[in-house]
């Protein structure tokens, strides 16, 4: 089992806890999404900034669903 599979299993095992924490701290979750996206853009020299921005917005939209 690879690292990705282990991470996926951990998320699935704790999905309810994650949802509760994200809903209680949505502002912090949005900050984390922004920081992660900015880090990706920095590492790629902004080459994929449009895709990163779309991904950030999609994740933030998902926060509203929780």
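In full-length UniProt numbering, the protein residues as written are 1 to 66. Here a beta-carbon is modelled for each residue, glycine too, at the ideal position from N, C-alpha and C. Just so it is clear, the structure is predicted and the values come from calculations on it, not from any experiment.
| Asked | Found |
| --- | --- |
| Segment contact, 8 Å Cβ cut-off, at least three pairs: the segment 33-40 with the segment 52-62 | yes |
| Limits of the alpha helix (DSSP H) - the one that residue 48 falls within | Residue 48 -> no alpha helix (DSSP H), and no H or E assigned at all. |
| Straight-line gap, residue 1 to residue 8 (C-alpha atoms, nearest Å) | 11 Å |
| Own chain partners of residue 6 with C-beta closer than 8 Å, once the 5 adjacent residues on each side are dropped | none |
| Through-space distance from residue 13 to residue 48, alpha-carbon basis | 32 Å |
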